[in-house]
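See below for the structure under consideration.
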Amino acid sequence: MQHDTTRGTKQISIPTRCEHVDMRTGEILNTSKSSFMLAPAPGGTCPECAVKHDPRDPHDAASFHYQYRFFGEHGRWPTWNDALAHCDPVTQERWARELVAHGIDDGTLSGQIPKDSK
Ligand SMILES: [Zn+2]
């Protein structure tokens, strides 16, 4: 499997919210929508997560690049299940099992591990 080379080559706009705060009181005076531009991932890295990894393996869900890119595209923060979504079922199950075994479970991985497997 190859990375989609058409993705991750342009800056993308990430929506944010800007809060104007009274610095003396901490009161939020008003809120407005804003955005910032996320630079493309460096060459030689995965365009989704900006980490060097085999395209068959999951994205690095802890990567800020992955988190902000995903948020910009989906309007929500990614889960480990999202980072595994492009992997084949065997890879998904193996990664989910290892992540859970290492205490890394955001609550989305249990569906990847069959109940009757070890
Ligand atoms: Zn990746």
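For the sequence shown, the numbering used here puts the final residue at 1273, and the numbers step up evenly by one.
Glycine included, C-beta positions come from ideal geometry on N, C-alpha and C.
Inter-residue spacing [alpha-carbon to alpha-carbon] between residue i and residue j
i: Pro-1170; j: Asp-1177; result: 23 Å
i: Glu-1182; j: Arg-1211; result: 48 Å
i: His-1214; j: Leu-1239; result: 7 Å
i: Thr-1160; j: Leu-1184; result: Any reading at Thr-1160 must be qualified, since the residue scores a pLDDT of 49, below 50, and its modelled position is unreliable; the value itself is stated next. So the alpha carbons of these two residues sit roughly 43 Å apart.
i: Arg-1172; j: Phe-1226; result: 13 Å
i: Met-1156; j: His-1208; result: Residue placement at Met-1156 is poorly supported in this model, since its pLDDT is 41, which falls under 50; the coordinates still yield a value, given next. Rounded to whole angstroms, Met-1156 to His-1208 spans 12 Å at the Cα level.
i: Thr-1200; j: Gln-1166; result: 15 Å
i: Thr-1180; j: Ala-1216; result: 36 Å
i: Ser-1168; j: His-1229; result: 12 Å
Identified DSSP bridge partners for residue i
i: Leu-1193; result: Ile-1167
i: His-1229; result: In the DSSP output, where bridge partners are listed per residue, His-1229 has none listed.
i: Glu-1174; result: Thr-1186
With 16 other Cβ atoms within 10 Å as the buried cut-off, status of residue i
i: Cys-1242; result: buried
i: Ser-1218; result: buried
i: Trp-1250; result: buried
i: Trp-1232; result: exposed
i: Glu-1174; result: exposed
i: Glu-1203; result: buried
i: Gly-1258; result: exposed
i: Ala-1205; result: buried
i: Gln-1196; result: Per the sequence presented here, residue 1196 reads as Ala, with Gln not at that position. Ala-1196 comes out buried.
The segment 1243-1258 touching the segment 1221-1230, judged by at least three CB pairs closer than 8 Å: no
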